[in-house]
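So in the numbering used here, the last spot in the sequence shown is 625, and the numbers never skip.
From the three backbone atoms N, C-alpha and C, an ideal C-beta is built for every residue, glycine too.
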Amino acid sequence: MKKLMLNNQLQKWLQQRTSSPRHRQLVTIEGGQNWACEQALECLLANSSVLWCGDMTISSPSNIAIKPIQSSQYHQCLGGEYDAVVYNCYSGIRANALAALSGTVKRAGIMILVCPPFHSWPRFPDPQKQLRISYGFTEQNDESLFIHWFMHAIEQHAQRVHISQQNTYVGQLSEPEVTHKIQNDLCKTIQQQQALDAIVELFHQPTAPLVITADRGRGKSSVMGLAAAQIIQKANRPLTILVTAPVFSNVSQLFYHAQQQLNAELNRHKLTVGEHKIHFMPVDRILIEKPAADLLLVDEAAAIPAPILDVLSQQYRSIVFASTIHGYEGSGRGFDIRFKPRLKQRFANYQSIELSQPIRWFNHDPLEQFWFDCLLLKSAECADLQSNVIAHKQITFRLISADKLCHSPDLLNQIFSLLVNAHYQTTPDDLVRLLDAPDQLVFVASDQQQLIAAALVSIEGGEKLQTLAQDISAGKRRVKGHLLAQNLGLNCQDENLVTLNYWRIIRIAVQPSVQRQGLGLALLNYLADAAALAKQDFIGSAFAASDDLLKFWPQAGFKQVRQGSKKDASSGLCSAIVLKALSGDAQARLEQMSHDFQQSQIQAASN
19 MKKLMLNNQL QKWLQQRTSS PRHRQLVTIE GGQNWACEQA LECLLANSSV
69 LWCGDMTISS PSNIAIKPIQ SSQYHQCLGG EYDAVVYNCY SGIRANALAA
119 LSGTVKRAGI MILVCPPFHS WPRFPDPQKQ LRISYGFTEQ NDESLFIHWF
169 MHAIEQHAQR VHISQQNTYV GQLSEPEVTH KIQNDLCKTI QQQQALDAIV
219 ELFHQPTAPL VITADRGRGK SSVMGLAAAQ IIQKANRPLT ILVTAPVFSN
269 VSQLFYHAQQ QLNAELNRHK LTVGEHKIHF MPVDRILIEK PAADLLLVDE
319 AAAIPAPILD VLSQQYRSIV FASTIHGYEG SGRGFDIRFK PRLKQRFANY
369 QSIELSQPIR WFNHDPLEQF WFDCLLLKSA ECADLQSNVI AHKQITFRLI
419 SADKLCHSPD LLNQIFSLLV NAHYQTTPDD LVRLLDAPDQ LVFVASDQQQ
469 LIAAALVSIE GGEKLQTLAQ DISAGKRRVK GHLLAQNLGL NCQDENLVTL
519 NYWRIIRIAV QPSVQRQGLG LALLNYLADA AALAKQDFIG SAFAASDDLL
569 KFWPQAGFKQ VRQGSKKDAS SGLCSAIVLK ALSGDAQARL EQMSHDFQQS
619 QIQAASN
């Protein structure tokens, strides 16, 4: 590769980054793909470790260790650390990957975005687009509204470095606040040490559960692994420490640090040291098998339904609930809203620790703040509405266009925050779909200018599946999206169900302070009326079948027609489908499906 010369401004910037402690920094490069990739390589220091996500259209130098991945492989890199991460936006935008990989950039490192020219980027044919859109749909706009949102966030980020063929901009960084490390080989911060001590104390004196919350990069999972190892090292009897989380990858750092301290082999999600063991088990198995344990560590607890956490807190005397507050795969805000009050009712003296001091980067890190702002990761607190001033006659319901959302940042933030707080699995990818997906609708309920409730709806079935209906109902074909149409057509073995028109409610959320006043039901009734006007046959939903939800949906006139036979490993719950008929033909079909479901439940109970 020919050697390119950076301009004096960029050379000075690179020299400054090596001369003193620096914050992590965002670098955006816009231009033709080859030219932008060459510029990205010029910004990399010799002997640095680099993660390159997306296509690499030029040869790489031998003095830089570059690990190439595609955005679909980002999970493989979590827990790793790199001097630089390069994300080639020409290979497609995946918001979850961008958020996740930003957390792998080391202190003083850089994250480089290789971008198409900004003036044409919203019209660039993103290779990831069709992965975000249901079968049969095409983008409703010639331009990506998310890319408009993304570019605006970049342009507002004053601390970035921006390189184009026309000019260069180098944002000024404040000096990082350098904190002194504690004199401890294990913990990196005082907060981590306090959390470790609290876990050890809980093990010896289990009076009430311990709750640990943190943003990414604060060492939450690591400290649980360190504490587990320390407890075993000082034990005078055989111990079993049980670990659970939605998936094993959530606790990979926990097991890594325990393994390092104990010098033990990890075999089938179990560390064994003599007669001691640290064992991962999915939450559904714990509920069924009820294994004995001296300590239960629950990571990413916000992803587990609150009733399941209740059961675990009753089943185990020594238990730690840990959760990420703002993450790339979901938020823990709902954990604060729904579970902590329940925990306080049973354990008034439970201890809660928040790890706020980052380990991998400095406090007030501008790169972290950029992604929080751009992807709305740091969800706003829900408005504390005065319930006595909310009257149904004052509430207006409306459909909000994606264009309106893109140009109304406060409204978009309110809606996304409400959805994040209500549903753990609302992720950055959902923000992209919110702005760009043609098969998705956004409805809100508001009192004057105050957001009260919101719902996301997916358009499914219909003539788009006409040519595939027979294969789908026979189990020979499965396409992207269309969950209700495909599930019902397959399980009823009825191709006509595949081509009926459905609105599926993906998410529905009401502000916490005005819940249980019928506002969710009022929004559901409005959605049903809107769906009928849009000539839909059914409106329905699919969800994890908790007792609360199974009571909620019938109140709005929905009937259950399906329940999965297998419990989800992360939630411990079966899935359920509910429907409401909007046409005469649909009503007859619904009565038959509801009858068949009830008969199957009676038969299952008798067996």
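Looking at C-alpha atoms only, which residue of the options is the closest neighbour of residue i?
i, options, result
"Ala-113", "Trp-389, His-441, Gly-582 and Asp-160", "Trp-389"
"Ala-176", "Tyr-92, Asp-391 and Ser-239", "Asp-391"
"Gln-27", "Tyr-544, Tyr-187 and Gln-466", "Tyr-187"
"Pro-427", "Pro-264, Ala-471 and Phe-168", "Phe-168"
"Asn-505", "Asn-625, Val-596 and Gln-621", "Val-596"
"Gln-689", "Glu-481, Glu-219, Phe-415 and Glu-478", "Limits of the chain in this structure are 19 at one end and 625 at the other, which puts residue 689 out of reach."
"Val-460", "Pro-446, Asp-317, Lys-577 and Asp-421", "Asp-421"
"Pro-264", "Pro-323, Lys-288, Ser-612 and Ser-192", "Pro-323"
"Gln-279", "Gly-480, Gly-243, Ser-370 and Gln-190", "Gly-243"
"Gln-34", "Glu-56, Trp-53, Glu-293 and Leu-63", "Leu-63"
"Thr-258", "Arg-236, His-294 and Gln-271", "His-294"
"Ser-138", "His-166, Leu-436, Ile-217 and Val-123", "His-166"
"Glu-307", "Gln-333, Lys-288, Ala-321 and Ile-296", "Gln-333"
"Ile-523", "Val-532, Leu-539, Asp-512 and Pro-256", "Leu-539"
"Leu-163", "Glu-481, Gly-507, Ala-473 and Val-450", "Val-450"
"Glu-161", "Asn-185, Phe-136, Arg-178 and Ala-440", "Phe-136"
"Ser-37", "Glu-193, Lys-147, Gln-183 and Val-68", "Glu-193"
"Glu-609", "Phe-576, Ile-620, Ser-583 and Asn-509", "Phe-576"
"Gln-148", "Ser-109, Thr-122 and Ile-181", "Ser-109"
"Cys-510", "Ser-612, Leu-330, Gly-97 and Ser-152", "Ser-612"
"Gln-29", "Cys-61, Thr-262 and Ser-182", "Cys-61"
"Ile-151", "Glu-478, Ala-550 and Arg-303", "Glu-478"
"Val-362", "Leu-260, Gly-189 and Ser-331", "A small correction: the amino acid at residue 362 is Lys; Val does not occupy that position in the sequence shown. Taking only the C-alpha atoms, the option nearest Lys-362 is Ser-331."
Taking the CB atoms as reference points, tell me whether residue i and residue j lie closer together than 9 Å.
i, j, result
"Ala-247", "His-275", "yes"
"Asp-354", "Thr-231", "yes"
"Gln-488", "Asn-519", "no"
"Asn-268", "Ser-239", "yes"
"Pro-224", "Arg-360", "no"
"Val-516", "Ala-471", "no"
"Ala-638", "Ala-245", "Residue 638 lies beyond the range of the chain shown here (19 to 625); nothing can be said about it."
"Gln-209", "Ile-371", "yes"
"Leu-423", "Ile-433", "yes"
"Val-696", "Gln-43", "Outside the displayed span of the chain (19 to 625) sits residue 696, for which this structure offers no information."
"Phe-556", "Ala-604", "yes"
Which two residues bound the contiguous alpha helix (DSSP H) that contains residue i?
i, result
"Asn-52", "51-60"
"Ser-491", "487-491"
"Gln-210", "208-222"
"Ile-620", "602-624"
"Ser-331", "324-333"
Give the straight-line distance between the Cα atoms of residue i and residue j, rounded to the nearest whole angstrom.
i, j, result
"Ser-227", "Asp-312", "Reading off the sequence, residue 227 comes out as Pro, not Ser. When rounded, the distance between both Cα atoms is 13 Å."
"Met-299", "Lys-206", "28 Å"
"Ile-111", "Ala-171", "15 Å"
"Ala-552", "Ser-476", "13 Å"
"Pro-134", "Gly-50", "6 Å"
"Ile-413", "Ala-574", "18 Å"
"Ile-337", "Asp-233", "21 Å"
"His-425", "Gln-174", "15 Å"
"Pro-309", "Leu-327", "16 Å"
"Cys-236", "Glu-513", "Sequence check: residue 236 is Arg here, not Cys. About 51 Å."
"Ile-76", "Ala-118", "25 Å"
"His-222", "Lys-124", "36 Å"
"Ser-601", "Ala-550", "8 Å"
Under 7 Å Cβ to Cβ from residue i, same chain only, skipping five residues before and after it: list those, please.
i, result
"Asn-406", "Confidence at Asn-406 is low in this model, with a pLDDT of 49, below 50, so its placement is unreliable and the value that follows should be read with caution. For Asn-406, where only same-chain residues beyond five positions count, there are no Cβ hits under 7 Å."
"Ala-563", "Gln-581, Leu-591, Cys-592, Ser-593 and Ala-594"
"Ala-622", "none"
"Ala-58", "Ile-47, Val-104, Ile-130 and Val-132"
"Ala-115", "Cys-71, Ser-89 and Tyr-92"
"Phe-155", "Pro-456 and Asp-457"
"Leu-289", "Phe-273, Ala-276, Gln-277, Leu-280, Ala-282, Lys-295 and Ile-296"
"Leu-436", "Cys-400, Leu-469, Ala-472, Ala-527 and Gln-529"
Starting from the C-beta of residue i, find all residues in its chain whose C-beta is less than 8 Å away, skip the five residues before and the five after it, and write them out in chain order.
i, result
"Arg-495", "Leu-486 and Asp-489"
"Met-74", "Cys-55, Ile-84, Pro-86 and Asn-106"
"Leu-568", "Gln-578 and Ala-594"
"Val-218", "Ala-245, Gln-248 and Ile-249"
With residue i as the anchor, note down where its beta strand (DSSP E) starts and where it stops.
i, result
"Tyr-153", "It is not in any beta strand (DSSP E) - Tyr-153 carries neither H nor E in the DSSP assignment."
"Gln-578", "577-581"
"Asp-465", "458-465"
"Thr-262", "258-262"
"Ile-165", "Note, Ile-165: premise wrong, no beta strand (DSSP E); alpha helix (DSSP H) at 163-174."
"Gly-635", "Beyond the ends of the chain as shown, which are 19 and 625, falls residue 635; an answer cannot be given."
Are the C-beta of residue i and some C-beta of chain C separated by less than 9 Å?
i, result
"Gln-34", "Going by chain labels, chain C is absent from the structure shown, which holds only one protein chain."
Using a Cβ-Cβ cutoff of less than 6 Å, which residues in the same chain neighbour residue i once the five nearest sequence positions on both sides are dropped?
i, result
"Ala-463", "Ile-413, Phe-415, Ile-470, Ala-471 and Leu-541"
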